[in-house]
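Protein chains in written order, with this note's numbering: chain A, 46 to 401; chain B, 46 to 401.
Every residue gets a Cβ at the ideal spot worked out from N, C-alpha and C, and that includes glycine.
Below is one structure, written out as structure tokens, with a few remarks after it.
Protein chains: 2
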Amino acid sequence: MMSEKIDLRRIARELNISVSTVSRALRDSHEISVETKQKVFALAHQLNYVPNPYASSLRRQKSKTIGVILPELPNNFFTHVVNGIEYVARQKDYHVLIYITHEQASQEKALIRHLQSGRVDGVLASVCAQTNDIEHFLGLIQLGIPLVFFDRVYEEIGVPTVTTNDYEASFAATEHLIQQGCKHILHVCLPLHLSISRKRLEGFCAAMKKYGLLVDSHSWLVADDMESFYRALETRLIGNCAPDGIFASVEKLAITVYHICQKRGIRIPDQLKVLAFSNLETAALLAPPLTTVTQPAFEMGKKAAEILFRKIEKRREIFEEQHYVIPSALIARASTLGRLSYPKFSEEHVAMNAEK
Amino acid sequence: MMSEKIDLRRIARELNISVSTVSRALRDSHEISVETKQKVFALAHQLNYVPNPYASSLRRQKSKTIGVILPELPNNFFTHVVNGIEYVARQKDYHVLIYITHEQASQEKALIRHLQSGRVDGVLASVCAQTNDIEHFLGLIQLGIPLVFFDRVYEEIGVPTVTTNDYEASFAATEHLIQQGCKHILHVCLPLHLSISRKRLEGFCAAMKKYGLLVDSHSWLVADDMESFYRALETRLIGNCAPDGIFASVEKLAITVYHICQKRGIRIPDQLKVLAFSNLETAALLAPPLTTVTQPAFEMGKKAAEILFRKIEKRREIFEEQHYVIPSALIARASTLGRLSYPKFSEEHVAMNAEK
Numbered sequence: 046m047m048s049e050k051i052d053l054r055r056i057a058r059e060l061n062i063s064v065s066t067v068s069r070a071l072r073d074s075h076e077i078s079v080e081t082k083q084k085v086f087a088l089a090h091q092l093n094y095v096p097n098p099y100a101s102s103l104r105r106q107k108s109k110t111i112g113v114i115l116p117e118l119p120n121n122f123f124t125h126v127v128n129g130i131e132y133v134a135r136q137k138d139y140h141v142l143i144y145i146t147h148e149q150a151s152q153e154k155a156l157i158r159h160l161q162s163g164r165v166d167g168v169l170a171s172v173c174a175q176t177n178d179i180e181h182f183l184g185l186i187q188l189g190i191p192l193v194f195f196d197r198v199y200e201e202i203g204v205p206t207v208t209t210n211d212y213e214a215s216f217a218a219t220e221h222l223i224q225q226g227c228k229h230i231l232h233v234c235l236p237l238h239l240s241i242s243r244k245r246l247e248g249f250c251a252a253m254k255k256y257g258l259l260v261d262s263h264s265w266l267v268a269d270d271m272e273s274f275y276r277a278l279e280t281r282l283i284g285n286c287a288p289d290g291i292f293a294s295v296e297k298l299a300i301t302v303y304h305i306c307q308k309r310g311i312r313i314p315d316q317l318k319v320l321a322f323s324n325l326e327t328a329a330l331l332a333p334p335l336t337t338v339t340q341p342a343f344e345m346g347k348k349a350a351e352i353l354f355r356k357i358e359k360r361r362e363i364f365e366e367q368h369y370v371i372p373s374a375l376i377a378r379a380s381t382l383g384r385l386s387y388p389k390f391s392e393e394h395v396a397m398n399a400e401k
Numbered sequence: 046m047m048s049e050k051i052d053l054r055r056i057a058r059e060l061n062i063s064v065s066t067v068s069r070a071l072r073d074s075h076e077i078s079v080e081t082k083q084k085v086f087a088l089a090h091q092l093n094y095v096p097n098p099y100a101s102s103l104r105r106q107k108s109k110t111i112g113v114i115l116p117e118l119p120n121n122f123f124t125h126v127v128n129g130i131e132y133v134a135r136q137k138d139y140h141v142l143i144y145i146t147h148e149q150a151s152q153e154k155a156l157i158r159h160l161q162s163g164r165v166d167g168v169l170a171s172v173c174a175q176t177n178d179i180e181h182f183l184g185l186i187q188l189g190i191p192l193v194f195f196d197r198v199y200e201e202i203g204v205p206t207v208t209t210n211d212y213e214a215s216f217a218a219t220e221h222l223i224q225q226g227c228k229h230i231l232h233v234c235l236p237l238h239l240s241i242s243r244k245r246l247e248g249f250c251a252a253m254k255k256y257g258l259l260v261d262s263h264s265w266l267v268a269d270d271m272e273s274f275y276r277a278l279e280t281r282l283i284g285n286c287a288p289d290g291i292f293a294s295v296e297k298l299a300i301t302v303y304h305i306c307q308k309r310g311i312r313i314p315d316q317l318k319v320l321a322f323s324n325l326e327t328a329a330l331l332a333p334p335l336t337t338v339t340q341p342a343f344e345m346g347k348k349a350a351e352i353l354f355r356k357i358e359k360r361r362e363i364f365e366e367q368h369y370v371i372p373s374a375l376i377a378r379a380s381t382l383g384r385l386s387y388p389k390f391s392e393e394h395v396a397m398n399a400e401k
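Encoded structure:
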């Protein structure tokens, strides 16, 4: 590993100045003449000198790095969010450190505790499904480390949030299923202490009630873990009181629905209509193409990063209670349209044109 | 931000010992008695003390972090690789820093140069498609920072590599297309200076020749950028000499094929058979289900991380020239089987059972 000390000494020796002068020149200190700075920079460049970031960080108290906490990675929504975050970070010349909690509360706590130690200048977080304990996030806030939540948020702890219009988009999606003839819709979702789960369920229930449809505890199914969810959903779909529509609150639950329908020979959309909150790039290519509530993932990541950098740069216009909402779009495809046995290209074209 | 200095002093004051004793106790030094260590650890825990990682890093020359360089993120192969890497890193109590080059040579160079400064203890890299310049990687090696390549590798610079059996898997996939009746197969791939592109193309050409099929410069199409690739492929697919089979060297090119076929009404598999190197989780749910060469992504990430940690821990059994190969599996689905107008569930079941 290259030692900073040796390099600074070498530059000092070759230019016949003190190490401290070299160090201050490299930090662009006003105490050092422009002429000396130019000589130091030229030689440093020639020697391929790279400052040690940890030494620099201690001096400046800046890591030039932001941390991003994601609940899971094979997830199209989060990958687009990360691209939005990176877009902003690149402009600020910051590095993006991505951490994955795998939906584990213990992982989330360990990571946040780790980040309390000054490794990053700020944190963007989407919380995991396994807990609603906020102690570790409060610890971060108490230390003054800037924090912004996106998508899965805790609104009550005084931190800016970036979300989509979960309630309204969910209401509109439910209305779409009802207008396509569904009467017994099953809403499948992640645990209800997650903000996105609660709001999307509330939007679903409100729309059902508006149309006079029954809502009771059989109207939704919570996926605590994917294996038991698969079994519970399969039982519902082949039972006597099978639903005629499924609204998946997150993408991976819709993929489970498709797998069960394929295995059990349940025909989408003529026996069962399906839609989901999803950023799946193959949504239009599935058999049949999947109707999606498409979230503005890139824009959400971009907005969350912009707010975080305003906090890092201590700009005054930031209000901790500010909640930014970027609306989603319903894209109707064959999985909710008509009573087809097979996907018809004509209908998908309508949907694809609507995307443009 | 919590200051380490103040906390060490407070622990020292409260226990009536020196700051240096506290510091050595926290580092579990043999110079300090077990009794003193226990007192220091108990009080540190009580005070919620978190050591500053940059100060610790300077002392130990360990960042307890590894860097992972990925060419792109919305990519199912790489997300599974990252999960394999994280699986190992968690056991070692290391953090994983994920960097994305977006296939840009300038990004890759900037990141590697940044990592030369001691921010990470080791680097796992899959190289970007835009360059075959290796200077920046040589810089990393000269500084003694452990490096392991996975998937997209430079074999000639004396660094361990983890790949799949690109040539053999490609040969077998091509043979499968030929056995299904294809005579004019188009191989679509990323730029040929990438190791995976070259080997997969070589496997394809060898299989074509084995069966006496023509191979010339029209037998493959390189995707330099996705927009011009889309146009070039569309032209080929609707032209007079349209291929009867497509072998996509990477997943995203197969998705482009499906989009063009959907737009142009080209029926898969009766007009065109399609297969791809892919870890797409929706492969079996597409219209029609996509035949894949499925790479052992998780295992590749796990193996690459294990080798990196052996290098970081300076174990002697590591040979820089070692190249690990983990084989892929061909999973035949409807996109290459029979002459069907629509996907039939029965055939997909065969394919799905084959997966188990």
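Cα separation between residue i and residue j?
i: Ala134(B); j: Arg58(A); result: 42 angstroms
i: Ser215(B); j: Ile145(B); result: 27 angstroms
i: Ala150(A); j: Ser171(A); result: 12 angstroms
i: His147(B); j: Glu117(B); result: 5 angstroms
i: Asn61(B); j: Phe86(B); result: 15 angstroms
i: Gly129(B); j: Glu351(A); result: 31 angstroms
i: Leu188(B); j: Glu220(B); result: 45 angstroms
i: Glu23(B); j: Asp196(B); result: This structure leaves residue 23(B) out entirely; chain B is present only between 46 and 401.
i: Glu180(A); j: Phe274(A); result: 29 angstroms
i: Thr381(B); j: Ser242(B); result: 22 angstroms
i: Asn120(B); j: Lys297(B); result: 8 angstroms
i: Gln152(A); j: Val113(B); result: 19 angstroms
i: Lys402(B); j: Ser162(A); result: Summary: the structure shown does not reach residue 402(B), with chain B confined to residues 46 through 401, and so no result is reported for it.
i: Lys84(A); j: Val67(A); result: 10 angstroms
i: Asp430(B); j: Gly203(B); result: Summary: the structure shown does not reach residue 430(B), with chain B confined to residues 46 through 401, and so no result is reported for it.
Residue i and residue j look like a contact to me (Cβ under 8 angstroms); what is the Cβ gap, rounded to whole Å?
i: Leu160(B); j: Leu185(B); result: 7 angstroms
i: Val168(B); j: Ser108(B); result: About 12 angstroms separates the two Cβ atoms, so there is no contact after all.
i: Ala89(A); j: Leu71(A); result: 7 angstroms
i: Glu358(B); j: Ile300(A); result: Actually they are not in contact, since the Cβ atoms of Glu358(B) and Ile300(A) sit about 39 angstroms apart, beyond 8 angstroms.
i: Arg69(B); j: Glu76(B); result: 6 angstroms
i: Glu279(A); j: Ile305(A); result: 5 angstroms
i: Phe194(B); j: Thr206(B); result: 5 angstroms
i: Asp33(B); j: Pro314(B); result: What is shown of chain B runs 46 to 401, which leaves residue 33(B) out entirely.
i: His263(B); j: Phe249(B); result: Not confirmed; about 13 angstroms, so no contact.
i: Tyr212(B); j: Lys244(B); result: 5 angstroms
i: Asp52(A); j: Leu92(A); result: 7 angstroms
i: Ala329(A); j: Leu331(B); result: Contact flag wrong, Cβ pair sits at about 10 angstroms.
i: Leu142(A); j: Leu353(B); result: Not confirmed; about 18 angstroms, so no contact.
Please determine, among the options, the residue with the shortest C-alpha to C-alpha distance to residue i.
i: Ala342(B); options: His125(B), Leu118(B), Tyr275(B); result: His125(B)
i: Tyr303(B); options: Pro334(A), Ala349(A), Met271(A); result: Pro334(A)
i: Gln224(B); options: Leu60(B), Arg55(B), Gly383(B); result: Gly383(B)
i: Gln307(A); options: Ser373(A), Ala251(A), Ser63(A), Leu282(A); result: Leu282(A)
i: Arg355(B); options: Ile111(B), Gln175(B), Gln152(B), Ala332(B); result: Ile111(B)
i: Val260(A); options: Tyr275(A), Pro288(A), Leu239(A); result: Pro288(A)
i: Gln136(B); options: Gln367(B), Lys347(B), Leu331(B); result: Lys347(B)
i: Ala19(B); options: Thr339(B), Tyr369(B), Leu353(B); result: What is shown of chain B runs 46 to 401, which leaves residue 19(B) out entirely.
i: Phe122(B); options: Leu353(B), His368(B), Thr337(B); result: Thr337(B)
i: Ser24(A); options: Ser240(A), Ala218(A), Tyr256(A); result: An answer regarding residue 24(A) cannot be provided, because it is not within the stretch 46 to 401 covered by chain A.
i: Ala277(B); options: Leu266(B), Asn285(B), Tyr139(B); result: Leu266(B)
i: Gly257(B); options: Leu246(B), Ser240(B), His229(B), His238(B); result: His229(B)
i: Glu201(B); options: Arg309(B), His238(B), Cys227(B), Asn285(B); result: His238(B)
i: Leu375(A); options: Ile143(A), Leu246(A), Leu222(A); result: Leu222(A)
i: Arg158(A); options: Ala174(A), Ile190(A), Asn177(A); result: Ile190(A)
i: Val370(A); options: Glu247(A), Val198(A), Cys286(A), Arg312(A); result: Val198(A)
From the DSSP output, read off the bridge partner residues of residue i.
i: His368(B); result: Thr206(B)
i: Asn231(B); result: In the sequence on display, residue 231(B) carries Leu and not Asn. Bridge partners of Leu231(B): Ile291(B).
i: His140(A); result: Thr110(A)
i: Ala252(B); result: Answer is none; Ala252(B) lacks a bridge partner.
i: Gly167(B); result: Ile111(B)
i: Ala321(A); result: Ala293(A), Thr337(A)
i: Leu266(A); result: Val233(A)
i: Val193(A); result: Leu169(A)
Taking 8 angstroms as the threshold, find out whether the stretch 313–331 of chain B comes into contact with the stretch 291–305 of chain B through three or more Cβ pairs.
yes
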